[in-house]
Amino acid sequence: MEKLETWKMALNQVANLSGYHHFKHGEEYEYQFIQRIVELVSKRINRAPLHVADYPVGLESRIQEVKMLLDVGSDDVVHMVGIHGLGGIGKTTLAAAIYNSIADHFEALCFLENVRETSKTHGLQYLQRNLLSETVGEDELIGVKQGISIIQHRLQQKKVLLILDDVDKREQLQALVGRPDLFCPGSRVIITTRDKQLLACHGVKRTYEVNELNEEYALQLLSWKAFKLEKVNPCYKDVLNRAVTYSAGLPLALEVIGSNLSGRNIEQWRSTLDRYKRIPNKEIQEILKVSYDALEEDEQSVFLDISCCLKEYDLKEVQDILRAHYGHCMEHHIRVLLEKSLIKISDGYITLHDLIEDMGKEIVRKESPREPGKRSRLWLHTDIIQVLEENKGTSQIEIICTDFSLFEEVEIEWDANAFKKMENLKTLIIKNGHFTKGPKHLPDTLRVLEWWRYPSQSFPSDFRPKKLAICKLPNSGLINSLLVYLFASFFPLFMLQKFVNLTNLNFDSCQHLTQIPDVSCVPKLEKLSFKDCDNLHAIHQSVGLLEKLRILEAEGCSRLKNFPELHEAGRTFFYLPGAKIPEWFDFQTSEFPISFWFRNKFPAIAICHIIKRVAEFSSSRGWTFRPNIRTKVIINGNANLFIPVVLGSDCSCLFDLRGKRVTDNLDEALLENEWNHAEVTCPGFTFTFAPTFIKTGLHVLKQESDMEDIRFSDPCRKTKLDNDFNSSKPENQRWVGNDVAKTQVVQQQKLMGSFLSRMWHWALVFLISFLVFLISCRRNNQ
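Residue numbers for the sequence shown follow full-length UniProt numbering, so the first one is 1 and each next one is one higher.
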């Protein structure tokens, strides 16, 4: 009965519709006119659904999420939705499934498949013809520009569902869809692409990222593809799990592996998976490589650096290494790789899909399949040991990066001259490993030198890396005379300014290190670290005069009693030994929260945390963790911003409160032209450890702050604390800003006062170093 009523209602509506008045006598026969009507109705009724997948797994939830973005029920707007993700992740499959799900809501439909390849082989005009043919039944075009105007005119009259699959250039979008307001209200456009930035450039704000299948769905898809069953013989459990792990949730890889191994026995599965581990499957690699081929040359180089050597590194560290390696900032290149789904950033670390990583490594392996020494990048332990032992290095090698943690007990016998042929080596990162001797030669082309347990007390005598920017030698046998040799500014002309471009210097856990010498010849130094140097007892005053120093890490130096005065450059992180807040800090408290009010901009405020006797936590794997202090900043009650700080026992941490995590999130929290209320507190520690004592100091960097715009009580009331802050004179501060040189001059005068004693010290050190230099030359000649 209900069905009958529905039909009656529909027939009544049809009877009230205006007739089809396109038939004109003399232009066509009536039977032709009727035939056109029949074809049109048949096309609507008999619309064939698109093929989605042989085994659609894990699609339902994704379809619903994209349909929410499409908002199909709203007929007064036009929505464009972008679906993005890496190649083979299932973007086309998802788009086809959505097409089948919502097609009946539209007057005209068009699914343009493989736009990238079709535009290359047939051109944009061919795609335009297909679009018009599918939607309005016309395909006569003279050129691309005419096609754009015709598409815009025709599609304004129909509620259209248009899907553009695998778009890779903006001109494709401009030629096919233009702006959303050119479509009839109620229309929907779906664009699939590997490039997220392409969507942003075209103004597509609604986007959906397709992620990898979880383990359950991946196993289902592989089982269906290989055995045509959801549940398979338990004997295959191990090899199936290996295949799922190898594919890392990529549907393309699961389908290829399942097809190739369908009907094979367990041993054949194992053998094939072993081969894939050594040499990736070509079919998978060719599809993934499309995104790599679309990159510019510099972007390709950065991708290979990351995939071969820098995966799971901290993002900031990767940026620093690449800046040093290439000589300029590479943030843009990293952003491009992110937009093209070639890499991801997770919790501040760079990651990438395992098969994308394999693709990058395979590109480098093919540079010289049989001779590792002729490749641009080396990362495998076996390849590196072979090159170093047999002295097979060449000028092709630009990066060596590996971690020998798994070979702790193995002594690496190597040719100490192995680096001599590597004339273009720019980055050398060797973590751990037990080398039997130190190098006799290091390339002057080095820009990044990171060698844990560096196996010598000195550098080669002919080592003059003027472009070296990062030097990290933690847990090494460094001695003081080596550091003096590195940094003393009184050597002969040919030794001057060897390390003038250093920005990052690390001597952590060097137990033979007793003092940090004069570092005035490294004016570009931004980060200096000598944590856990148990015998360090003296630091030269020049450390405090490094204007560009932003990070100073010195905790764990138990014998260090005094520290040089430091500059007030702002935006710094200093980790220092000793649980004492500097006397020149304006305010000290052990009570929280600390409140202040500000207007116009977030003020320049330094924070100092101190802590005593912190217990450390050791995991079952032997890792040692120190608790984090979490500094929480609440602005106007609704901005929760955390700055984590790792602290050991009896140490202090000074940092600028204007950290990136704070300033990046300010816009939504600030009130314009009004007082903003800020609260600083320490809500707790990670793990379950509590310090026996904690105190916090606060200091306003007055050279960078307008004291009229800062209050430490409600602005409606003025207290003694505000008077104290406002009456503090900048020249009384012991830190100095870049524009305030008074304190620097005083310090330099003090240094000049001890000039004679220093000259005697320099002369003695010069004599010792010169003798070391002569002995090294003699050994090299022998």
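Just so it is clear, CB atoms sit at the ideal spot from N, CA and C, and this is done for glycine as well.
Residue i, enclosing beta strand (DSSP E) - first and last residue
{"i": "K8", "result": "Not the beta strand (DSSP E): K8 falls in the alpha helix (DSSP H), residues E2 to A15."}
{"i": "E267", "result": "That residue, E267, is in no beta strand (DSSP E); its alpha helix (DSSP H) goes I266 to R278."}
{"i": "T589", "result": "F587 to T589"}
{"i": "F595", "result": "Residue 595 is actually Ser in this sequence, not Phe. Taken as a continuous stretch (DSSP letters only), the beta strand (DSSP E) holding S595 covers I594 to F598."}
{"i": "N506", "result": "N504 to N506"}
{"i": "I577", "result": "The residue you asked about is not Ile; residue 577 is Pro in the sequence shown. Start and end: F573 to P577."}
{"i": "A554", "result": "Per DSSP, A554 belongs to no beta strand (DSSP E) and is neither H nor E."}
{"i": "E679", "result": "N676 to T681"}
{"i": "L654", "result": "C651 to D656"}
{"i": "L701", "result": "Neither: L701 is in no beta strand (DSSP E) and is coded neither H nor E."}
{"i": "S529", "result": "K527 to S529"}
{"i": "V256", "result": "First-last for V256: P251 to L261, but that is the alpha helix (DSSP H), not the beta strand (DSSP E)."}
{"i": "E450", "result": "V448 to W451"}
Element boundaries [alpha helix (DSSP H), containing residue i]
{"i": "Y246", "result": "K237 to S247"}
{"i": "Y126", "result": "L124 to T135"}
{"i": "K289", "result": "K282 to D293"}
{"i": "E117", "result": "V115 to T121"}
Cβ shell of residue i (< 7 Å), same chain only, five flanking positions each side left out
{"i": "R242", "result": "L273"}
{"i": "residue 783", "result": "In the structure as shown, the chain begins at 1 and stops at 782. Residue 783 is therefore absent and cannot be evaluated."}
{"i": "A248", "result": "E212, H353, D354 and L355"}
{"i": "Q285", "result": "M359 and E362"}
{"i": "C235", "result": "I266"}
{"i": "F592", "result": "T681 and C682"}
{"i": "D71", "result": "H79"}
{"i": "V290", "result": "G87"}
Residue burial classification, residue i (beta-carbon count within 10 angstroms, cutoff 16)
{"i": "C533", "result": "buried"}
{"i": "Q172", "result": "buried"}
{"i": "W7", "result": "exposed"}
{"i": "M359", "result": "buried"}
{"i": "residue 824", "result": "This structure does not reach residue 824, given that the chain is present from 1 up to 782, and the question cannot be answered."}
{"i": "V745", "result": "With a pLDDT of 34 at V745, under the threshold of 50, the modelled position of this residue cannot be trusted; read the value that follows with caution. By the 10 Å Cβ count, V745 comes out exposed."}
{"i": "L380", "result": "exposed"}
{"i": "W735", "result": "For W735, the pLDDT reaches just 38, beneath the cut-off of 50, and the residue's location in the model is therefore unreliable, although a value from the coordinates is still provided. Counting Cβ neighbours within 10 Å, W735 comes out buried, since at least 16 surround it."}
{"i": "V77", "result": "exposed"}
{"i": "V410", "result": "exposed"}
{"i": "E450", "result": "buried"}
{"i": "Q128", "result": "buried"}
{"i": "V38", "result": "exposed"}
{"i": "C651", "result": "buried"}
{"i": "D166", "result": "buried"}
{"i": "I430", "result": "buried"}
{"i": "G348", "result": "exposed"}
Among the options, nearest to residue i - alpha-carbon criterion
{"i": "K169", "options": "C184, K196 and I150", "result": "K196"}
{"i": "L406", "options": "T382, E398 and I400", "result": "T382"}
{"i": "residue 790", "options": "A418, A218, G58 and E267", "result": "Outside the shown range of the chain, which is 1 to 782, sits residue 790, and nothing can be said about it."}
{"i": "D238", "options": "E267, V519 and C184", "result": "E267"}
{"i": "G85", "options": "E339, Q64, L322 and K231", "result": "E339"}
{"i": "E555", "options": "L576, G544, H537 and V136", "result": "L576"}
{"i": "L109", "options": "S271, R116 and K158", "result": "K158"}
{"i": "D403", "options": "R375, E297 and I385", "result": "I385"}
{"i": "T394", "options": "H434, P443, K361 and K366", "result": "P443"}
{"i": "T521", "options": "N501, I257 and Q515", "result": "First, the amino acid is wrong: residue 521 is Cys here, not Thr. Here the closest residue by C-alpha is N501."}
{"i": "A95", "options": "G73, R275 and E60", "result": "E60"}
{"i": "D104", "options": "V52, L161 and Q156", "result": "L161"}
{"i": "K702", "options": "E674, S476, R206 and F585", "result": "F585"}
Sequence-distant residues of its chain with Cβ nearer than 6 Å to residue i (five each side left out)
{"i": "L124", "result": "V144 and A175"}
{"i": "I710", "result": "F598 and P603"}
{"i": "K527", "result": "N504 and I551"}
{"i": "S456", "result": "G438"}
{"i": "I397", "result": "M422 and L425"}
{"i": "T427", "result": "H325, I399 and V448"}
{"i": "V177", "result": "V189"}
{"i": "A678", "result": "F596 and I635"}
{"i": "Q13", "result": "none"}
Cβ-based neighbour list, residue i, same chain, cut-off 8 Å, excluding 5 preceding and 5 following
{"i": "D415", "result": "L388, E389, E390 and N391"}
{"i": "I63", "result": "L94, A97, I98 and S101"}
{"i": "L164", "result": "L112, V115, Q172, L173, L176, V177, V189, I190, I191 and T192"}
- request: Kindly provide the ranges of any alpha helix (DSSP H) runs that are 4 or more residues long and lie completely inside the region 304-382, ordered along the chain.
  value: 315-326, 331-339 and 354-365
task: Note down, one range per segment and in chain order, each beta strand (DSSP E) of at least 3 residues found wholly within the region 149-211.
output: 160-167, 188-193 and 206-209
message: So within the region 46-111, which uninterrupted alpha helix (DSSP H) runs reach at least 4 residues, ignoring any that extend past its ends?
response: 60-70 and 91-102
task: Can you check the region 209-235 for any alpha helix (DSSP H) of at least 4 residues that lies completely inside it and give the ranges in chain order?
output: 215-227
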